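A short worksheet on the structure shown next.
2 protein chains.
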Amino acid sequence: MFRPATIKDIAKALGFSTSTVSRALRDGYEISEKTKNIVKEYAQKIEYKSNPIALSLKGRRSYSIGVVVCEVANSFFSQAINGIESIAYNKGYRVIISQSHDLYEREVINTKHLANSSVDGLIISMSAETTDFTHLTKLHEKGLPIVFFDRVIDEIKTHKVIANNFDGAFAATELLIKNGHSRIAHLANATHLSITKERMDGYKAALSKHLIDFNPTLVEHCQHGGMIYDEVENAVKNILNKASGVDAIFVSSDRLSIGCLTALKKLHSDADCLPVAGFSNSDVVELLKPSLSYVRQPALEMGRLATELLIDLIEAKYPVTEFETKVLEIELFVNDHALGSRR
Amino acid sequence: MFRPATIKDIAKALGFSTSTVSRALRDGYEISEKTKNIVKEYAQKIEYKSNPIALSLKGRRSYSIGVVVCEVANSFFSQAINGIESIAYNKGYRVIISQSHDLYEREVINTKHLANSSVDGLIISMSAETTDFTHLTKLHEKGLPIVFFDRVIDEIKTHKVIANNFDGAFAATELLIKNGHSRIAHLANATHLSITKERMDGYKAALSKHLIDFNPTLVEHCQHGGMIYDEVENAVKNILNKASGVDAIFVSSDRLSIGCLTALKKLHSDADCLPVAGFSNSDVVELLKPSLSYVRQPALEMGRLATELLIDLIEAKYPVTEFETKVLEIELFVNDHALGSRR
DNA sequence: AATATTTGCGCAATCGATGCCGGCCCTAAC
DNA sequence: GTTAGGGCCGGCATCGATTGCGCAAATATT
Numbered sequence: 001m002f003r004p005a006t007i008k009d010i011a012k013a014l015g016f017s018t019s020t021v022s023r024a025l026r027d028g029y030e031i032s033e034k035t036k037n038i039v040k041e042y043a044q045k046i047e048y049k050s051n052p053i054a055l056s057l058k059g060r061r062s063y064s065i066g067v068v069v070c071e072v073a074n075s076f077f078s079q080a081i082n083g084i085e086s087i088a089y090n091k092g093y094r095v096i097i098s099q100s101h102d103l104y105e106r107e108v109i110n111t112k113h114l115a116n117s118s119v120d121g122l123i124i125s126m127s128a129e130t131t132d133f134t135h136l137t138k139l140h141e142k143g144l145p146i147v148f149f150d151r152v153i154d155e156i157k158t159h160k161v162i163a164n165n166f167d168g169a170f171a172a173t174e175l176l177i178k179n180g181h182s183r184i185a186h187l188a189n190a191t192h193l194s195i196t197k198e199r200m201d202g203y204k205a206a207l208s209k210h211l212i213d214f215n216p217t218l219v220e221h222c223q224h225g226g227m228i229y230d231e232v233e234n235a236v237k238n239i240l241n242k243a244s245g246v247d248a249i250f251v252s253s254d255r256l257s258i259g260c261l262t263a264l265k266k267l268h269s270d271a272d273c274l275p276v277a278g279f280s281n282s283d284v285v286e287l288l289k290p291s292l293s294y295v296r297q298p299a300l301e302m303g304r305l306a307t308e309l310l311i312d313l314i315e316a317k318y319p320v321t322e323f324e325t326k327v328l329e330i331e332l333f334v335n336d337h338a339l340g341s342r343r
Numbered sequence: 001m002f003r004p005a006t007i008k009d010i011a012k013a014l015g016f017s018t019s020t021v022s023r024a025l026r027d028g029y030e031i032s033e034k035t036k037n038i039v040k041e042y043a044q045k046i047e048y049k050s051n052p053i054a055l056s057l058k059g060r061r062s063y064s065i066g067v068v069v070c071e072v073a074n075s076f077f078s079q080a081i082n083g084i085e086s087i088a089y090n091k092g093y094r095v096i097i098s099q100s101h102d103l104y105e106r107e108v109i110n111t112k113h114l115a116n117s118s119v120d121g122l123i124i125s126m127s128a129e130t131t132d133f134t135h136l137t138k139l140h141e142k143g144l145p146i147v148f149f150d151r152v153i154d155e156i157k158t159h160k161v162i163a164n165n166f167d168g169a170f171a172a173t174e175l176l177i178k179n180g181h182s183r184i185a186h187l188a189n190a191t192h193l194s195i196t197k198e199r200m201d202g203y204k205a206a207l208s209k210h211l212i213d214f215n216p217t218l219v220e221h222c223q224h225g226g227m228i229y230d231e232v233e234n235a236v237k238n239i240l241n242k243a244s245g246v247d248a249i250f251v252s253s254d255r256l257s258i259g260c261l262t263a264l265k266k267l268h269s270d271a272d273c274l275p276v277a278g279f280s281n282s283d284v285v286e287l288l289k290p291s292l293s294y295v296r297q298p299a300l301e302m303g304r305l306a307t308e309l310l311i312d313l314i315e316a317k318y319p320v321t322e323f324e325t326k327v328l329e330i331e332l333f334v335n336d337h338a339l340g341s342r343r
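Chains as they are written, first to last, in this note's numbering: chain E, 1 to 343; chain B, 1 to 343.
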């Protein structure tokens with residue numbers, strides 16, 4: 001079986017002690033240049049690589065960070081992971097990914113598993129189901145660095161990275177309004193998620209600015225975050241059947257946007273007559289039919305930023321007490337065909 | 001800082017030796033029931049978890065597997081990762097993911113990094129750029145278990161998991177033929193990838209079955225696998241400008257399918273008049289316009305299977321010499337609007 | 001020339017957990 | 001009464017690498 005060379009092998013071969021070899025490789029000041037060269041050359045020759053596991057055991061550091069997201073098969077998260085991975089690898093950290101599938105139980109298991117695997121820190125976006133945060137507060141109190149992104153919680157004081165969800169929702173809603181729509185339904189995510197509230201606020205603010213009364217009956221929540229298609233389809237059905245009539249839809253998340261369009265296509269003969277604007281990071285939005293005006297979050301950048309903040313926490317010499325919540329700007333992409341303009 | 005309880009803490013608190021505690025926790029036969037209960041109860045109370053790093057150092061096993069894919073932000077791969085992750089977690093392995101971005105250099109760095117991180121095995125889908133496999137053969141010769149999926153190579157004898165690319169390409173091409181098209185261009189992936197050849201063969205076989213001459217000038221390769229959009233757009237331009245005329249396109253990969261539709265929409269006024277059939281695992285294919293008939297690979301199942309095979313290799317008591325290449329069946333989804341039927 | 005200092009390197013402990021070996025005590029068999 | 005054996009547990013070495021301390025030889029100092 002695969003047995004990598006150890007520092008002992010070098011020591012034996014060269015007639016030095018392991019301590020000398022270790023110090024020579026790390027350029028210890030107490031070792032002569034001559035010895036260093038001999039050791040380094042030999043190490044190079046036999047392709048010696050230090051064993052990270054032994055290092056971890058000594059240093060109480062594993063140089064790995066854990067990531068918990070709903071699912072990787074989702075444009076927003078896979079882009080974020082892309083960002084996480086790029087920074088982590090540059091700084092010498094491994095990335096261990098796990099998926100909650102928007103399930104509370106899976107989230108708990110995964111975080112425990114990761115913490116138990118001695119990750120040096122955690123990057124997490126909360127599952128739609130989670131309302132009890134003790135699995136995280138416990139770890140955090142024990143000193144495990146955690147950074148939240150996208151779906152954050154107030155209960156833990158630490159760095160957070162989010163998109164400007166308020167502005168995004170505001171812009172999308174206002175776009176619909178400016179195109180002559182006023183009976184705008186809101187297909188929203190699970191009630192207790194931070195993003196749900198922030199985006200709802202943006203939606204309300206846009207209505208308010210344009211003197212449209214907020215009508216709670218026009219809001220439909222999907223408690224499973226779109227993971228269960230039937231739930232989305234039902235919500236869309238409800239929207240289509242509103243007694244008061246609906247002339248546009250603002251959708252609160254990536255998965256819901258796709259679900260909404262799918263449901264519309266299925267339920268509505270001329271789906272494009274009901275304009276939809278929503279959050280999406282899909283890379284094929286421009287090709288969708290029914291079409292979608294969309295708000296795109298800087299997912300890659302969010303991942304990068306979260307990782308930088310986490311590594312700062314991990315490598316901090318003194319306990320960090322000042323935390324920041326970074327808010328990145330979103331981008332609105334207008335799709336004319338999606339607006340059913342009445343101008 | 002976060003210092004988990006160790007076996008020593010238990011030993012000290014209870015007045016036993018560390019060996020006794022260790023054996024009590026693992027149900028060693030030489031420990032009395034009474035002691036076992038005391039130890040286990042206390043361990044439960046202080047939430048003792050064994051340190052996997054120490055275990056790895058002793059056992060020369062890290063219970064982690066490395067995954068190298070082009071990118072996670074790609075439906076096929078994110079679904080495959082989903083499958084990998086599900087099996088791995090069930091069997092107690094962590095998953096460490098890295099992306100090659102279809103670059104040779106990144107692939108080499110990542111595999112080295114993973115091997116050096118003492119992963120117990122590797123699951124890999126080759127990058128489009130890679131033609132030199134020594135970074136993998138070396139590791140494999142040293143005894144590192146490797147399983148290939150999707151984009152495999154002949155040079156290394158080990159388990160492989162692929163979709164039936166021949167059948168997929170055949171079915172997609174034949175679909176176009178049966179709908180009255182005969183001048184079918186082929187937008188293909190990087191020349192040396194296994195999937196490129198297999199799919200090309202399927203394409204040729206379908207033409208041949210229907211007595212259509214294979215015309216090499218109707219084939220356009222994208223050496224970067226669609227990672228560079230301009231390359232795809234150029235290829236599509238070339239296809240549209242074929243002197244001989246083209247009345248349908250068969251596309252060889254997920255990313256290329258999306259790129260092709262994007263280019264068509266941009267370049268062609270009535271994009272839907274040129275039917276496209278191609279490989280895709282996107283979950284929004286049904287909503288695309290121009291529309292796409294598509295071949296879907298069982299990505300999740302491929303990931304699961306590859307992981308099971310890898311763990312078999314890792315946990316094999318004796319060196320494995322018999323390797324298998326699993327070929328999973330594909331599914332063809334017909335999209336009427338995408339066919340420009342001339343029936 | 002005798003002492004002080006520097007240079008260069010080895011010994012041994014350490015990180016957390018395991019496992020071999022050896023030893024104590026109690027019981028049973030001769 | 002002596003010894004053999006089993007039940008039960010502790011000591012110590014081990015995995016790979018790092019590090020404080022100590023020691024010897026080489027060099028510098030007076």
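Ideal Cβ positions, reconstructed from N, Cα and C, are used throughout, including at glycine.
Nothing here was measured: the structure is a model prediction, and the numbers come from that model.
Asked: In the DSSP assignment, find the unbroken beta strand (DSSP E) run with T325(B) in it and report its ends.; Found: T325 to L328
Asked: For chain B, find out if any of its Cβ atoms is closer than 7 Å to the Cβ of K289(E); answer yes or no.; Found: yes
Asked: Since E85(B) meets chain E, which of its residues come closer than 9 Å, beta carbon to beta carbon?; Found: V72, I97, S98 and Q99
Asked: Name, please, each residue of chain B whose Cβ falls closer than 9 Å to the Cβ of L57(E).; Found: N51, I53, A54, S56 and L57
Asked: Which same chain residues end up closer than 7 Å to N281(B) when comparing Cβ atoms and leaving out the 5 residues on each side of it in sequence?; Found: S75, F76, Q79, D254, R296, Q297 and A299
Asked: Taking only three categories from DSSP, how would you classify L57(B)?; Found: helix
Asked: For my contact list, N51(E) and S118(B) are in at a C-beta cut-off of 8 Å; report their separation, rounded to the angstrom.; Found: 7 Å
Asked: If you follow the beta strand (DSSP E) that G278(B) is in, where does it begin and where does it stop?; Found: V276 to F279
Asked: Check the Cβ of S75(B) against every Cβ in chain E and list those closer than 7 Å, keeping chain order.; Found: A73
Asked: A24(B) and K36(B) - do their beta-carbons sit closer together than 7 Å?; Found: yes
Asked: What's the call for D120(B), buried or exposed, on a 16-neighbour Cβ count within 10 Å?; Found: buried
Asked: If we ignore side chains and look at the alpha-carbon of each, how far apart do D201(B) and H268(B) end up?; Found: 29 Å
Asked: Would Y29(B) be called buried (16 or more neighbouring beta carbons within 10 Å of its own) or exposed?; Found: exposed
Asked: Using a Cβ-Cβ cutoff of 8 Å, what residues of the region 23 to 49 of chain E are near chain B? List them in chain order.; Found: K49
Asked: Helix, strand or coil for E331(B), going by three-state DSSP, please let me know.; Found: strand
Asked: Please classify E224(E) as buried or exposed, where buried requires at least 16 other C-beta atoms within 10 Å of its C-beta.; Found: Per the sequence shown, residue 224(E) should be read as His rather than Glu. It is buried - the Cβ of H224(E) has at least 16 other Cβ atoms within 10 Å.
Asked: Could you check if A155(B) is buried or exposed, using at least 16 other CB atoms within 10 Å of its CB as the buried criterion?; Found: Checking the sequence, you will find Glu at residue 155(B) rather than Ala. The residue in question, E155(B), is exposed, as its Cβ has fewer than 16 Cβ neighbours within 10 Å.
Asked: Residues of chain B with CB closer than 9 Å to the CB of K265(E), please, in chain order.; Found: E286 and L287
Asked: For V219(B) and S208(B), what's the separation of their Cα atoms in angstroms?; Found: 15 Å
Asked: Can you list, in chain order, the stretches of the beta strand (DSSP E) that have 3 or more residues and sit fully within the region 132 to 159 of chain E?; Found: 146 to 149
Asked: Rounded to whole angstroms, what is the Cα-Cα separation between T321(E) and D312(E)?; Found: 12 Å
Asked: What are the residues that DSSP puts in a beta bridge with H221(B)?; Found: A188(B)
Asked: Take every Cβ of the region 182 to 195 of chain E, pair it with every Cβ of the region 145 to 154 of chain E, and state whether three or more of those distances are shorter than 8 Å.; Found: yes
Asked: Determine the chain B residues that contact S62(E) at a beta-carbon separation under 8 Å, and present them in chain order.; Found: I53
Asked: Measuring alpha carbon to alpha carbon, tell me which residue in A163(B), N234(B), Y294(B) and S56(B) is nearest E174(B).; Found: Y294(B)
Asked: Starting from L122(E) and walking both ways along the beta strand (DSSP E), at which residues does that stretch end?; Found: G121 to I124
Asked: Per DSSP, which residues does V69(B) bridge with? Please list them.; Found: Q99(B)
Asked: In or out: T325(B) buried (at least 16 other Cβ within 10 Å) or exposed?; Found: exposed
Asked: Please list, in chain order, the chain B residues whose beta carbon lies closer than 9 Å to that of I258(E).; Found: D283, V284 and L287
Asked: How many angstroms separate the CA atom of D275(B) from the CA atom of T262(B)?; Found: For the record, residue 275(B) in the displayed sequence is Pro; it is not Asp. When rounded, the distance between both Cα atoms is 13 Å.
Asked: Does the region 129 to 143 of chain B come close enough to the region 105 to 117 of chain B that 3 or more CB-CB pairs lie under 8 Å?; Found: yes
Asked: When the Cβ atoms of the region 243 to 250 of chain E are set against those of the region 175 to 185 of chain E, are three or more pairs found closer than 8 Å?; Found: yes
Asked: Would you verify that the beta carbon of N164(E) is, or is not, closer than 7 Å to some beta carbon of chain B?; Found: no
Asked: How would you label N90(B), buried or exposed, when you count the other beta carbons within 10 angstroms and need 16 or more for buried?; Found: exposed
Asked: Can you list, in chain order, the residues of its chain with a C-beta nearer than 8 Å to that of T191(E)? Leave out the 5 residues immediately preceding and following it.; Found: H221 and Q223
Asked: Closer than 7 Å, Cβ to any Cβ of chain B: which residues of the region 107 to 124 of chain E, in chain order?; Found: N116, S117 and S118
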